[in-house]
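Remember, the numbering used here sits 27 above the position in the sequence shown when you count from 1.
A short write-up of the structure that comes next.
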Amino acid sequence: GAFSFDNVLTGAGTLNASNNGQAFNFGSGVGADFAGTANLTNNTFALSGDNTTALTRATLEVGAGNVTTVGDGDQQVGGLTINGGKMLFNATAPQQVVATSLITAGALEINHTGTVRVNVPTPFNPALPDTPNTTNLLKQDEENVSVQLVRSSNVTGSGGAIKLVDQNDQVISAAREVDVSQNGNTVAKATYDYRLTSSSLNDGLYVNYGLKQLDLQAGQTLTLAQDTGATGVSADMSAKITGTGNLAIDARDDLVSLSNDTNDYTGETSVNTGTLQAGSDNALGQTSKLNLADTTTFDLNGKTQTLGALNGAMGSTLNVNSGTLNLSNGGTSAGALTGAGQLNVNGGTLDVQGANSGLSAATAIANGANATLNNAAGLGNGTIADEGSLTLDGVIGTLQNKLTGTGQVLVQNVSDLKLDADNSGFNGEFAIDTNSSLTALVQGSLGNAHVQNDGNLVLDTATNWQLVNIVQGAGNLTKNGVGSVTLGSDVAYTGTTQVNNGTLLFGSDASPMTLASQQVNIASGAQFGGIGGVAGSIDNAGTLLAGANSTVAQTFTVGGNLNNNGRVTLGGSTAGNTLDIKGDLSGNGQFAMNTQIGALSGDLIKVGGDTSGQHQLLVADSGREPVSADGKLTLVETHGGSGSFNLAGGYVDAGAFRYTLNQEGANWVLSTPSAQVPPTPDPTPAPTSTPTAAPKPADLSKGANAAVAAQTASASLWNAQMNALVKRLGELRMGKDEGGIWTRAIGKRFEVSENSSRAYDQNINGMEIGADKAIMLDGAKLYLGGMVGSAHSNANFGEGATGEVDSKFGGLYATYLHDSGVYVDTVTKYSRFDNKVKTPTNSGKQVKGSYNTNGVGVDVEVGKHIELKDGWFVEPQLEITATKTEGGRYTASNGLKVKADDLDSLQSRMGGLVGRSIVMDNGMKVQPYVKASYVTEHGGDSSVKVNGIKLEAKLPGNRTEVGLGGVMQLTENSKISVDAEYAKGSGIEQPFGVTLGYRYLW
């Protein structure tokens, strides 16, 4: 029923009102602040009173089915649009000058259809004015103006498509027909009648008697050319143009417009000069073709137009200009396409030549239609909705348009096309011919389309994504860019796969696949692989990931030959993978293999054809040795040939021992030297007994060697901390020494030859501080004191294996000095060792182990200071050092288990020193000396169990020490000492040993 809107209404939006032919009204509560559009359809409306007030700033749109009655007086509104509806004015035509019910509108739009009703006398027998056929046709449509219905200073359109009826809804008519002749031919028939116009002043809506229709004659062409300087309505044709003839525009350097949206002529439209502008929808009727000459323009001007075909010459411009252009039968565009809006190719083929960077309009290609481009920017940068076919013919460049639809994209005639947009809404097909290339630059470039690849499909990306498209054909696939692309299971092309950069993967644990490609080429630095295999051959200069990222053992099949000059990585993190090469193996590359040597399980390379070249196997070290006595693991099975295999690094470490690669027939087997196999005791011991292995040091794994060497290195650090009296306290007889505080720093280097372990180097440095007090005895002194300190050892066990020991210690000492020169020095120490061992694997990883141990030691030194002439003296010495170092226990990060016995050391040193006491001019003394000793190790034997296998750990043997040093009295209460020595013996050399000391007397 009738509806009254009485809410306060503001804003600039659109109010849509439709109530089934009933009355619609605004109430007084609406106010006058609404600045939007009131779109009325299928109802009635009275433009007066509160209704007019509500529209003071707003636009009234008289839509289809609406009937608006204009009240008497001047109804002032923000705007008026007649768009399919009907308006009733209280006006009498043609006598009245201004309607009794007048509208004043800020803006008036009259370029659509509609109906206007006015009154005429009864009976209606008007005196007809002369036809204005002597003036320019473009002016004849607004001549003989009578009653004004709407007043506006901003008018769009000329009103030619609005029907004028009388109070009985009958068309007001008193028509005359006149022939239009040009160049001696009747090109059209002109009809003059009552109609509506915006007048020559373009200032409102009027009733007039003027040119109402032009009927273009078959086979003829009507040319419209405005008078010189004419613009606006004087250059606009608002009369209806009909007929089967042709229309030509000769606008020179200016513009001619057509503004009747009931035009329905079917001939061709030719713009010979200047610009043709659409002043309404369907301004060009049903024209079969639009011909644009060089330098001419067609401006769609935001309107909707259907053309049979487009024929745009080079140098012409078609400006969509926010409108919608429909092409029923394609055509040719050799000129420029510009503007926003919508371009619809509904049939035929539209041949677009050159780039149109100024075109932002969206393009729709209907089913059965085609758009052909010879430049990637032919359709600008707007979205292309392809339900037909888009042909890129000889195009080299990047298509930046977003693609949607289910149609076809043809890449042909040596095209090299790149896709840079997200085409995830495209579900059609890309077809690449044999000489063309299509490059996807982003993940959604190919959308969900089928790819028929008979040329070259290029995936060029710096990011990681998955190709979900069906890819078929005999063409090639090329991977560029540093990113990674995973091929989906629907990839079935048979051409060459070229991986130039980044990573190309396929298959999964759940869905292994065989890539149908007959040849795969992997460039240096690139990676290719997956789970399943390749039907053809592989030429690898980069990395082949056979079974990449798999969590279970896989078989990767190469249906042809493998020429490997790069690296092949078998499987993921699980051993037991198989690389099955049906053809020949050649090249000089590397194979990285997973093994579980402890379980005699590993990857396998099978070669069905001949083997040539020199191949390297990279087998990861293991913390466990094989469980079986023969310890063999087959890594390569071949059918013969001149090829050979070797291990990276020459060996593999497994548990306590190292393994080598040996050829057995046509196969290559990982096995141990026989000396490494633990002997079977006779008789067989009880289950709790541990067999003892006696391998050569060279046969030990890096982990076992480091464990043995670390045992002896800890003892070497321990012994270095003990040392002789003179190194610790200097010369106690110098000056009046009744006790004091002292400190010393030590630095030593040991180079230990191969013994129970391989040779190693050890650097030791440390610092200790102590204090003592002298007790006077009869003819002697007894010093009682204590010390604390720390030391650090850094050992290089070879092959990148290292060990570190940090020691914190404390101790007590007693030193007896007799006036006869006899002395006895005793030291007792406790030390806490923090041990770290690091060994590299042949795959570049680091194996770590750490443990803490304790140690105790006792040192007794006896000697006699014998004075000679002139300050010279000799001092024979005998020293016994006994230490006990707790054995370490640890499990390395690779599972290697180490359990060391305690290490007992008993060393004796026999030697002495010769020196001279020198009194300086200031009364202070200097005592330089030289020394020599022989050190004998009486113990030092222990063992280390590595994974339960007992290995010997022996301290270095006997050695000779030589050195020199001195003590200097700085003041009565302070003195410094320095001692340097060199030692060499059985299996050990000490290139240097330096001790610096300082003592301050109480």
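Where is the CB? At the ideal position from N, CA and C, for every residue including glycine.
- In this structure, residue 485 sits near residue 466, with a CB-CB distance shorter than 8 Å.
- For residue 146, the uninterrupted beta strand (DSSP E) segment begins and ends at 141 to 146.
- By the criterion of at least three beta-carbon pairs nearer than 8 Å, the region 173 to 180 is not in contact with the region 200 to 208.
- A buried status is given to residue 526, since no fewer than 16 other beta-carbon atoms sit within 10 Å of its beta-carbon.
- Distance check between residue 60 and each of 68, 54, 892, 38 places 38 closest, using alpha-carbon atoms only.
- A contact between stretches requires three or more CB pairs, one per stretch, nearer than 8 Å, and the region 982 to 991 fails this requirement with the region 789 to 809.
- Rounded to the nearest angstrom, the Cβ distance from residue 631 to residue 664 is 7 Å, consistent with a contact under 8 Å.
- Put simply, of 432, 405, 962, 565 the residue whose alpha carbon is nearest the alpha carbon of residue 419 is 405.
- Look at residue 352 here: in three-state DSSP terms it is strand.
- Two segments are said to touch when three or more pairs of C-beta atoms, one from each, lie closer than 8 Å; by this definition the region 914 to 921 does not touch the region 886 to 899.
- By alpha-carbon distance to residue 402, the top candidate from 873, 421, 414 is 421.
- The straight-line gap separating the alpha-carbon atoms of residue 325 and residue 382 is approximately 18 Å.
- For the region 431 to 485, there is no continuous alpha helix (DSSP H) assignment of 4+ residues that stays within its boundaries.
- Looking only at 955, 605, 877, the smallest Cα-Cα distance to residue 947 is reached by 955.
- A check of alpha carbon separations from residue 1025 across 441, 838, 797, 185 identifies 797 as the nearest.
- Sequence-distant partners of residue 786 (beyond 5 residues in either direction) whose C-beta falls short of 8 Å from its own C-beta, in its chain, are 778, 779, 780, 825.
- Listed as beta-bridge partners of residue 955 by DSSP are 993.
- For the pair of segments examined, the region 60 to 76 was found to touch the region 103 to 115: the number of CB pairs separated by less than 8 Å reaches three.
- If you compare the alpha carbons of 108, 145, 139, 141 with that of residue 125, the shortest gap goes to 145.
- Beta bridge pairing from DSSP links residue 73 with 96.
- Counted as a single uninterrupted DSSP element, the alpha helix (DSSP H) harbouring residue 745 occupies residues 729 to 749.
- According to the DSSP assignment, residue 981 belongs to no alpha helix (DSSP H) but to the beta strand (DSSP E) extending over 976 to 981.
- Put simply, the backbone Cα of residue 109 is about 37 Å away from that of residue 395.
- Here the alpha carbons of residue 865 and residue 872 stand approximately 10 Å from one another.
- With respect to the 8 Å criterion, residue 229 and residue 260 are classified as neighbours on the basis of their beta carbons.
- When DSSP states are grouped into helix, strand and coil, residue 534 belongs to the coil group.
- Listed in chain order, the non-local C-beta contacts of residue 806 below 8 Å within the same chain comprise 845, 846, 847, local neighbours out to five positions each way being set aside.
- By the Cβ-count criterion, residue 341 is exposed, with fewer than 16 other Cβ atoms from all chains shown falling within 10 Å of its own Cβ.
- Spatial neighbours of residue 772 in its own chain (CB-CB distance under 6 Å, excluding positions within 5 residues in sequence) are listed in chain order as 794, 1023.
- In the DSSP assignment, residue 851 falls within the unbroken beta strand (DSSP E) covering 849 to 867.
- By the 16-neighbour rule on beta-carbons within 10 angstroms, residue 368 is buried.
- In the displayed model, residue 651 falls within coil according to three-state DSSP, outside both helix and strand.
- Per DSSP, the beta bridge partners of residue 901 are 893, 941.
- Using a Cβ-Cβ distance cut-off of 8 Å, the region 635 to 645 and the region 609 to 620 are in contact, since at least three pairs of beta carbons, one from each stretch, lie closer than that value.
- Contact check between the region 213 to 220 and the region 179 to 187: fewer than three CB pairs, one atom from each, fall below 8 Å, which does not count as touching.
- By the Cβ neighbour-count rule, residue 892 is buried, with 16 or more other Cβ atoms within 10 Å of its own.
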